[in-house]
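Read through the structure below, which is laid out as structure tokens, and then see the notes.
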Amino acid sequence: MSENQNLLAEQRRALILDEVRRRGGVRVNELTRKLNVSDMTVRRDLDALARQGVIEKVHGGAVPVVEASTHEPGFEAKSTLELTAKEDIARAAAAMAVPGSAIALSGGTTTYALAQHLLDVPDLTVVTNSVRVADVFHAAQRPGAPGGRPGAATVVLTGGVRTPSDSLVGPVADRAIAALHFDVLFLGVHGISVEAGLSTPNLAEAETNRRFVQSARRVVVVADHTKWGTVGLSSFAALDEVSTLVTDAGLPTGARAEIEEHLPGLLVAGGDDGPAEG
Numbered sequence: 015m016s017e018n019q020n021l022l023a024e025q026r027r028a029l030i031l032d033e034v035r036r037r038g039g040v041r042v043n044e045l046t047r048k049l050n051v052s053d054m055t056v057r058r059d060l061d062a063l064a065r066q067g068v069i070e071k072v073h074g075g076a077v078p079v080v081e082a083s084t085h086e087p088g089f090e091a092k093s094t095l096e097l098t099a100k101e102d103i104a105r106a107a108a109a110m111a112v113p114g115s116a117i118a119l120s121g122g123t124t125t126y127a128l129a130q131h132l133l134d135v136p137d138l139t140v141v142t143n144s145v146r147v148a149d150v151f152h153a154a155q156r157p158g159a160p161g162g163r164p165g166a167a168t169v170v171l172t173g174g175v176r177t178p179s180d181s182l183v184g185p186v187a188d189r190a191i192a193a194l195h196f197d198v199l200f201l202g203v204h205g206i207s208v209e210a211g212l213s214t215p216n217l218a219e220a221e222t223n224r225r226f227v228q229s230a231r232r233v234v235v236v237a238d239h240t241k242w243g244t245v246g247l248s249s250f251a252a253l254d255e256v257s258t259l260v261t262d263a264g265l266p267t268g269a270r271a272e273i274e275e276h277l278p279g280l281l282v283a284g285g286d287d288g289p290a291e292g
């Protein structure tokens, strides 16, 4: 059987994951016919998805892994997943930051990737509850640091109680955020769906994110394709509170259509044709 050269490995795995979640399980021979690839290719894809912890391999196929809605992976665990997608998203989202504006970045590995691209945007005021994000800007401002330049960002770290994902949450963070106003909030999420909106497994983080959303003129969610359809314990914003979702080319076509029905802006980053805005 000839290999289907039209799909990149990440796109193919996204389609497999969508099929597993939608149907509750698939067989290897079904995937070989659907994707027009070899049995060995499908098994390698299933191995990769199993290592990411999003499917469970069973005899002859795979079934979805159902995580508890309270499960919160640590920063290091999440930082190894969907690296290409996060880089594509970060590059596209950074182009939306206006020099001299006040922006907020929530915690998360995608906003961490975004922070590194924002170093080239001059005169930003950055408010964040992410220790990792703050470190990116602080490292760039140290004397003698590579890339140190005039117009470096002014960074405000909210304070608060640290979560497994290295976000600062709780009353201290909430009060700091509520007193401020941002032109744009770049928001990472644990899950996003039509029914639950934006959600997280951490109750305190949900409240802090809620304050972020309330203080922003514009909300830009940065989330790779695996976040669509995921639901955490606590919802903190409805989809109609989101201005734009920036995601990656691994998002299946069916999901794109559903998102466009509920969100005013969809920016799909990456792929051969570059960002595609809906």
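Mind the numbering: the sequence shown is residues 15 to 292 in our numbering, read in order. Heads up, the beta-carbon is just placed ideally off N, CA and C, and yes, glycines get one too.
Endpoints, alpha helix (DSSP H) assigned at residue i
{"i": "ALA104", "result": "97 to 108"}
{"i": "LYS48", "result": "42 to 49"}
{"i": "LEU217", "result": "217 to 228"}
{"i": "ALA166", "result": "Segment: none, ALA166 is in no alpha helix (DSSP H) and carries neither H nor E."}
{"i": "LEU128", "result": "123 to 132"}
{"i": "GLY279", "result": "Here GLY279 belongs to no alpha helix (DSSP H), and DSSP marks it neither H nor E."}
{"i": "THR55", "result": "53 to 66"}
{"i": "PHE151", "result": "145 to 155"}
{"i": "GLU255", "result": "Run containing GLU255: none; DSSP gives neither H nor E here."}
C-alpha distance - residue i paired with residue j, whole-angstrom precision
{"i": "PRO278", "j": "SER257", "result": "6 Å"}
{"i": "THR261", "j": "THR46", "result": "27 Å"}
{"i": "SER207", "j": "HIS276", "result": "10 Å"}
{"i": "VAL140", "j": "VAL40", "result": "45 Å"}
{"i": "ASP24", "j": "PHE151", "result": "Residue identity check: residue 24 is Glu in the sequence provided, not Asp. Taking the straight line joining both Cα atoms gives about 30 Å."}
{"i": "GLN66", "j": "LYS241", "result": "13 Å"}
{"i": "SER229", "j": "ALA263", "result": "30 Å"}
{"i": "LEU281", "j": "ALA190", "result": "30 Å"}
{"i": "SER312", "j": "LEU247", "result": "Since the displayed the chain opens at 15 and closes at 292, residue 312 lies outside it and no answer follows."}
{"i": "VAL68", "j": "VAL169", "result": "35 Å"}
{"i": "ALA252", "j": "ARG224", "result": "10 Å"}
{"i": "GLN130", "j": "LEU259", "result": "19 Å"}
{"i": "MET54", "j": "PRO185", "result": "52 Å"}
{"i": "ALA99", "j": "LEU194", "result": "31 Å"}
{"i": "ALA104", "j": "LEU265", "result": "16 Å"}
{"i": "LEU135", "j": "ALA111", "result": "According to the sequence provided, residue 135 is Val. The question's Leu does not apply to it. If you take the alpha carbons of VAL135 and ALA111, they lie about 7 Å apart."}
{"i": "ALA82", "j": "VAL245", "result": "At ALA82 the pLDDT is 47, less than 50, meaning the model places this residue with poor confidence; the figure from the coordinates comes in the next sentence. Whole-angstrom Cα-Cα distance: 10 Å."}
Classification of residue i by the beta-carbon crowding that lies within 10 angstroms, buried from 16 upward
{"i": "LEU217", "result": "exposed"}
{"i": "THR84", "result": "The predicted model places THR84 with a pLDDT of 47, which falls under 50 and marks its position as unreliable, so this point remains unresolved."}
{"i": "THR267", "result": "exposed"}
{"i": "ASP61", "result": "exposed"}
{"i": "HIS204", "result": "buried"}
{"i": "GLY74", "result": "exposed"}
{"i": "LEU97", "result": "exposed"}
{"i": "VAL72", "result": "exposed"}
{"i": "ASP238", "result": "buried"}
{"i": "PRO215", "result": "buried"}
{"i": "GLU274", "result": "exposed"}
{"i": "ASP59", "result": "buried"}
{"i": "ARG35", "result": "buried"}
{"i": "ALA76", "result": "buried"}
{"i": "ARG231", "result": "exposed"}
Chain-order list of residues whose beta-carbon lies under 6 Å from that of residue i (same chain, five-residue window excluded)
{"i": "LEU133", "result": "ALA154"}
{"i": "ASP137", "result": "PRO113, GLY114, GLY165"}
{"i": "ALA269", "result": "TRP242"}
Cβ distance (whole Å) where residue i is taken to contact residue j below 8 Å
{"i": "GLY284", "j": "ASP32", "result": "Not a contact, Cβ separation roughly 17 Å."}
{"i": "ILE117", "j": "PHE196", "result": "6 Å"}
{"i": "ALA210", "j": "SER249", "result": "5 Å"}
{"i": "ARG176", "j": "VAL145", "result": "7 Å"}
{"i": "HIS107", "j": "VAL234", "result": "Checking the sequence, you will find Ala at residue 107 rather than His. With 8 Å as the limit, ALA107 and VAL234 qualify as a contact, their Cβ atoms being about 6 Å apart."}
Spatial neighbours of residue i in its chain, beta-carbon cut-off 7 Å, leaving aside the 5 residues before and after
{"i": "VAL272", "result": "Before going on, a small fix: residue 272 reads as Glu here, not Val. So the qualifying residues of the chain are VAL208."}
{"i": "ALA187", "result": "ASN143, THR172, GLY173, GLY174, THR222"}
{"i": "THR125", "result": "LEU119, SER144, VAL147, PHE200, GLY202, VAL236"}
{"i": "GLU255", "result": "VAL227, VAL233"}
{"i": "VAL79", "result": "GLY67, VAL68, ILE69, GLU70"}
Contact set for residue i: own chain, Cβ-Cβ below 8 Å, skip 5 residues either direction
{"i": "VAL56", "result": "ILE30, VAL42, LEU45, THR46, LEU49"}
Start and end residues, beta strand (DSSP E) containing residue i
{"i": "ALA251", "result": "248 to 251"}
{"i": "THR261", "result": "258 to 262"}
{"i": "VAL112", "result": "No beta strand (DSSP E) holds VAL112; DSSP gives it neither H nor E."}
{"i": "PRO78", "result": "75 to 78"}
Beta carbon proximity, residue i to chain B, threshold 7 Å
{"i": "ALA64", "result": "The structure shown contains no chain B; it is built from a single protein chain."}
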